[in-house]
Structures are given as C-alpha cells and as structure tokens.
Amino acid sequence: MPQTTTPSANGAVDGADGADASPAPAAPTCFDDVKGWFWPADQLLFDWFLTRQRDQDIRGDLLELGAYLGKSAVFLGRYLRDGEQFTVCDLWDSPAPDASNTKEMNRSYATLTRRAFETNYLAFHDELPTMVQAPTSVIASRVRSGSCRFIHVDASHLYEHVHGDVRAARQLLLPEGVVAFDDFRAEHCPGVAAAVWGAVADGGLKPVVISGSKLYGTWGDPDPVREELRGWLKTRADLWHGVEEVAGRPLIRVGGKKAVAPEPPASRHAPKRREPVAASPPAQASPSGPSWPRRVARELLPPALTRALRALRR
Ligand SMILES: C[S@@+](CC[C@H](N)C(=O)[O-])C[C@H]1O[C@@H](n2cnc3c(N)ncnc32)[C@H](O)[C@@H]1O
C-alpha cells in the first residue's frame with residue numbers, strides 16, 4: 125500500500141522524520157545544482173503567468189503534482205504570497221500504486237528521496253510546502269476545490285494517472301487559474317498527450333500556449349491571458365512565437381532554444397562573495413608633474429646623486 129500521510133502544520137508529513145537513515149544529501153549552492161527537468165522557456169512562462177497573477181491581484185493556492193527533487197517547486201515557491209498555500213504531491217520514496225507506475229519509478233527516479241527534496245527546498249526557502257507523500261489520486265481530497273491559481277502537473281506520465289490528474293486539476297483550479305502539463309507531446313509518454321488533448325477535445329480545457337515541453341491552459345476564459353501573453357512575447361527577442369488555430373481557438377506556440385532564463389532563486393548555501401579589498405592606489409605622478417617629495421629631492425640633491433638614485437629605482 126502506498127503511504128498516505130497527513131501533512132502537519134509545518135508542511136512535513138507526519139511520521140516521516142527520522143525514517144531515512146541515509147547520509148544527509150548535500151545542500152545545493154545554486155539553482156543549477158538542483159536536478160530536474162525545467163527549462164528556461166518554461167521558467168520564463170511560469171514567471172510570466174505568476175507575475176501577471178500578482179500584478180492583477182489574482183489570489184489562490186499553488187499546487188504541484190510530481191516534484192521530484194524540487195527544481196520546479198523551488199522556482200514556484202517564490203511566488204507564494206501571504207495567506208496562500210503551496211502543496212506538492214509526490215511518491216518520493218514510497219511505493220507506487222500499481223505495477224506500471226512502479227516500473228516507471230524504478231526506471232526514471234530510482235534514487236529519489238523525500239529527504240533530498242526537503243534539503244533542496246530549504247536551501248532556497250524558510251519553510252517547506254505542504255507535502256503530500258502519496259499517489260496523486262489522493263490530491264482532490266487534500267486540496268480545497270476551486271482554490272488554486274496555478275497547478276503544475278508533472279507526476280506519472282502514464283495515461284490512467286494523467287487522466288486522473290487532469291480531472292483533479294479541473295476540480296481544484298480557479299476559473300482564472302492556469303494549469304501547466306509537462307511532457308504533453310514527447311514520444312516516450314504518449315499517455316500524457318492522450319489525456320491532455322483528450323481534455324481539450326472534450327471542450328473543457330482551453331490551451332493558451334505550448335512550449336517544447338509543456339502545455340498551459342485554463343478552464344476559464346483564455347482570451348485575456350492569451351492576448352496579454354502575445355503582447356509580452358512580441359517584446360522578447362529570445363523567444364520565438366507563432367499562433368495557430370487549434371480546436372477552434374488561437375494557440376500560441378513558443379520556441380525557446382535561445383531563451384534566457386529569469387533570475388534564478390538564490391541558495392542560502394551559495395559561497396559568500398568576497399568583497400574586493402580596496403587596494404591602495406599606486407603612487408602616481410600627478411598630471412601636473414612629479415610628486416612633491418620627488419620635486420624637493422630633485423631641487424636639493426646634486427644632479428649626479430639624483431641620476432644615481434633614478435638608476436637604482438629602475
Ligand atoms: C518528472 S518528475 C517531476 C519533475 C519536477 N517537476 C521537476 O521539474 O524537476 C516526476 C515525479 O512524479 C512522481 N510520481 C510518479 N508517479 C506518481 C504518482 N502516481 N503519484 C505521485 N507522484 C508520482 C515521481 O516520484 C517523480 O518525482
């Protein structure tokens with residue numbers, strides 16, 4: 125049976141502390157040290173959606189299904205505001221709920237531990253998010269319906285699981301909220317494509333933009349957010365974009381090969397930058413001539429001695 129545990133007040137899962145006796149994982153000194161699959165174009169898009177929500181005072185919770193070692197969670201955690209909840213759901217080192225999910229876990233995330241996630245997250249933030257260490261099928265019972273403004277779906281890539289994650293996202297997302305689905309078109313995970321495009325085809329999910337890795341959509345009105353995004357993309361020289369009609373609506377496509385990632389979150393373990401020691405400026409002749417000791421020496425000493433001193437200095 126998978127472990128389904130209750131998050132405590134500080135976000136930790138009850139009973140998990142002390143269970144892992146392995147040596148403490150090394151704390152990351154920078155965002156690049158955190159392993160994951162979260163590319164610059166998607167960092168830019170997350171930043172754009174979440175900054176827009178802040179600017180328009182769209183409030184609500186954040187949710188990530190599939191956190192792995194915390195790369196995207198660390199990034200997302202920066203946008204959490206007072207009074208909002210950030211929940212992440214992952215199996216980490218718990219057993220998967222079925223054989224194909226177990227195979228997927230062993231193949232892709234064999235060395236994953238919850239402790240490594242915690243170490244990584246706490247290098248960048250003061251508090252852990254609410255951690256649900258369980259299959260994503262429990263998430264709709266752990267997060268309030270209609271409470272989330274941003275959901276990142278990146279857990280199992282198998283059809284049955286993603287299909288359930290799509291349903292949960294629909295239930296948990298605010299009408300003005302945005303959902304991002306990872307790996308919606310990769311050749312190694314056709315189940316994600318089937319589940320996500322299935323949700324588009326049934327008329328509910330409205331895709332707004334796709335990058336090479338993720339599809340971003342909403343169950344609310346996609347027009348305002350899409351048009352604002354188009355406006356922003358026109359200002360970005362590092363992001364190619366085009367628009368194509370899909371399922372009766374314009375869909376933005378973004379190419380991010382040259383994307384310049386936004387400022388990364390800063391680790392508290394980053395090596396301290398040494399302040400440059402203020403070096404005393406070399407003694408220089410003033411623009412108007414030699415310094416006064418030299419002028420005095422030149423006037424008082426016999427020329428032969430001055431020449432000898434100059435030769436010595438050389
Ligand atoms: C692709 S990784 C997540 C990557 C992460 N979002 C990032 O950008 O670095 C997928 C994660 O989903 C988790 N996972 C797989 N199947 C799951 C399931 N049924 N329920 C919950 N988590 C699952 C795995 O443990 C793994 O950490």
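Under this note's numbering, think of the first position of the sequence shown as 125, with each following residue one higher. The C-beta atom is built at its ideal place from N, Cα and C for all residues, glycine as well. This structure is a prediction, so every number in the text was calculated from the model and none was measured.
Contact check for L186 and L204: beta-carbon distance about 6 Å, within the 8 Å limit, so the pair qualifies. DSSP places R291 in the helix class (H, G or I) of the three-state scheme. Here the distance from the Cβ of Y340 to the nearest heavy atom of ligand 1 is not below 8 Å. Per DSSP, reduced to three states, the secondary structure at K396 is coil, with no helix or strand assignment. Annotated three-state conformation of G328 is coil, per DSSP. Around the beta carbon of E368, fewer than 16 other beta carbons lie within 10 angstroms, which makes this residue exposed. Sixteen is the threshold: when 16 or more other Cβ atoms of the shown chains lie within 10 Å of the Cβ of W172, as they do, the residue is buried.
9 Å or more divides the Cβ of G190 from the Cβ of S335.
No residue range can be given for E251, since it is assigned to no beta strand (DSSP E) and is classified by DSSP as neither H nor E. At a cut-off of 8 Å, the beta-carbon of M229 counts as near ligand 1: some heavy atom of the ligand is closer than that.
For the pair of segments examined, the stretch 303 to 319 was found not to touch the stretch 350 to 363: the number of CB pairs separated by less than 8 Å stays below three. For V349 and V332, the gap between their C-alpha atoms comes out near 8 Å. Short note on E188: C-beta closer than 8 Å to some heavy atom of ligand 1. For H276, the beta-bridge partners assigned by DSSP are E188 and A304.
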